[in-house]
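If you count by UniProt numbering, then the sequence shown holds residues 1 to 462, one letter each, in order. Every residue, glycine too, gets a C-beta built ideally from N, C-alpha and C. Have a look at the structure below, then the notes.
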Amino acid sequence: MTAVLTPDRARRRFVGLTALRWLPVGIVVPVSVLLATARGLSPAEIGLCVAVYGAVTLVLELPTGGFADALGHRTVLASAGLVTAAGLLTMAVADSVPAFAIAWALQGVARALDSGPLEAWYVDAARAGDPAADVTRGLAQAGAADGAGLAVGAVLGGTLPLLLDHGGAAALAAPLVLAAVFAVVHVTAVLLLVVPPHRSGAAGRGALLAGVREVPVVVTATVHLVLRDRLLRLLLGVSFLVGVVLTSLELLGPLHFAELAGSAERGSAVFGVVTAVSFAAAALGALLAPVLGRATGGSVVVVSAGTSVLAAGAVAVVAGAPGVVPAAVAYAAFYLLNGAAWPSRKQVMHDRTTSAQRSTTVSASSLALMLGGMLGSLTIPRLADGAGLPTGLLAGAGGMLLLALLSLGLRGGPDARAPGRDAPAGGESRHGPGPGDDQPAALPGGLRERARAGARVHGRAR
């Protein structure tokens, strides 16, 4: 069954479904690490489970790219929602490292499946109704909707354990069950609202095989790009380090705030609010990026290095703060600064590539972010196990200082021009983010991706 929607109806459905998609993710963020701790897992073991999530997402994201063409957007989105619910329910009852690893692996499968089909459906549906439809408004509103869904979910998931009569692991598991319910609600909404705009002519098997064949192509093209362009190498290094630092905050942050608050239940409530405020701060930072660019004369070196040093200081304050309030302010400040820096870095990346290379470059940046998140998941919690949570967080601050050093290399040189592009005057790369720039949305699990800005840097990463 197919139907033609007006662009406005397609936009409203897209925005609503986006908010509903990210609501369960937000619910889980404040409690997932605390629940695993309550069930006996150490920070290092939790990091291992999160690394499984990253590995599954990394391995499956490219091969599953053809699923929507083969099976249809609605089928893939509904399948992703059901796998999400299964993963959340598995996590709610998990009591061992293998069980939590399975739960996170299921979340990785779901993340790979739903990476893109909803947005692709919206563009197809809007332009089926009007070939000249402008989808910019819908995409912008969806960016706000996923941030709102994450923020509302974080507050809801964080405060729910405090409202229950019983405490401990059972109270921390309740938000996961609630998130699974919302995931099923999202599946129902997808089945009702995602109306195929046309019948697909793609052969299912061919689309799936194309997704698998894409993997070595992207990897090979990425390697070639990195080998011949110094600035792109530096930018991928920046993405990698951001993945490491976001992981340290997402994995150790809940435990640190629980210690400051005095209990896991109070800590989940505090961290839920802190996470919601941090999502908003990241979005505000992205909005302030053009102002920051103008204030620095468009210097990416000043923007990237300066915000990185300040962000390192913010993480250090989180590690050493004597109470919840200063730690929370510093935590949100990190996301504000990270959100303010990303658009300028992304602009440099896009200015370094031609349209034929752009998809490969974006994929490379996403891969670097995920690899950094995986390394951070495996190393920083282990450091915190042996030396304490503040030390693990300080390692994240060190990562931001290293990022600042890398940023000093974002200057023009012999290879300062991408093919077919003119170098900016003055030798140093000078770019200011402008309307329509492709920039990450401001989240973990750093995972929006955790790259689309660092929040879904919560997501992303989740």
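Determine the contact status of residue i and residue j, defining contact as a CB-CB distance below 7 Å.
| i | j | result |
| --- | --- | --- |
| LEU17 | ALA140 | no |
| LEU252 | LEU150 | no |
| VAL244 | GLY372 | yes |
| HIS73 | PRO117 | yes |
| SER42 | ASP351 | no |
| LEU58 | ASP114 | no |
| PHE279 | PHE257 | no |
| VAL273 | VAL155 | yes |
| MET349 | THR361 | yes |
| HIS166 | GLY81 | no |
| ALA110 | THR84 | yes |
| MET400 | SER268 | no |
| VAL318 | ALA327 | yes |
| VAL301 | SER344 | no |
| PRO161 | GLU265 | yes |
| GLY157 | PRO175 | yes |
| LEU260 | ALA51 | no |
| HIS236 | ALA364 | The amino acid at residue 236 is misidentified as His; the sequence shows Leu. A contact, by the Cβ cut-off of 7 Å. |
| SER407 | ALA289 | no |
| ALA368 | PHE240 | yes |
Exposed or buried, which one is residue i when buried takes at least 16 other CB atoms within 10 Å?
| i | result |
| --- | --- |
| ALA180 | buried |
| THR247 | buried |
| ALA295 | exposed |
| ALA142 | buried |
| ALA120 | exposed |
| PRO254 | buried |
| ARG21 | buried |
| ALA132 | exposed |
| GLY47 | buried |
| ALA387 | exposed |
| ARG452 | In this prediction, ARG452 has a pLDDT of 42, which is less than 50 and means its spatial position is unreliable; what the coordinates show is noted afterwards. Label assigned to ARG452: buried. |
| ARG13 | buried |
| GLY26 | buried |
| THR37 | buried |
| PRO216 | exposed |
| ASP134 | exposed |
| LEU163 | exposed |
| ARG11 | buried |
| THR136 | exposed |
| HIS431 | With a pLDDT of only 39 at HIS431, under the threshold of 50, the placement of this residue in the model should not be trusted; the figure read from the coordinates follows. Buried is the call here. |
| ASP229 | buried |
| LEU405 | exposed |
Using the Cα positions of residue i and residue j, report the straight-line distance between them to the nearest angstrom.
| i | j | result |
| --- | --- | --- |
| LEU106 | GLY297 | 46 Å |
| VAL97 | GLU45 | 7 Å |
| PRO322 | PRO390 | 11 Å |
| ALA171 | ALA286 | 35 Å |
| ALA128 | ALA19 | 23 Å |
| VAL93 | GLY54 | 21 Å |
| ALA103 | ARG39 | 14 Å |
| VAL223 | CYS49 | 28 Å |
| ALA330 | GLY313 | 8 Å |
| GLY426 | GLY293 | At GLY426, the pLDDT of 37 sits below 50, so the modelled position is not reliable and the matter cannot be decided from this model. |
| TYR335 | ALA281 | 6 Å |
| residue 464 | SER299 | This structure cannot settle anything about residue 464, because the visible part of the chain is limited to 1 through 462. |
| VAL33 | THR353 | 39 Å |
| ASP95 | ALA101 | 11 Å |
| LEU383 | VAL177 | 31 Å |
| ALA86 | ALA173 | 14 Å |
| LEU375 | PRO381 | 10 Å |
Compute the beta-carbon to beta-carbon distance between residue i and residue j, rounded to the nearest angstrom, for a pair I have assumed lies under 8 Å.
| i | j | result |
| --- | --- | --- |
| ALA145 | VAL15 | 5 Å |
| GLY409 | VAL315 | Contact doesn't hold; Cβ gap of about 22 Å is too wide. |
| LEU88 | ALA183 | 6 Å |
| VAL29 | GLY108 | With a Cβ gap of about 16 Å, VAL29 and GLY108 do not count as contacting. |
| LEU403 | VAL226 | That belief does not hold up - the Cβ atoms of LEU403 and VAL226 are roughly 17 Å apart, past 8 Å. |
| ALA112 | LEU60 | 4 Å |
| LEU35 | ALA169 | 6 Å |
Assess, as a yes-or-no matter, whether the stretch 7-17 is touched by the stretch 326-343 under the definition of 3 or more beta carbon pairs within less than 8 Å. no
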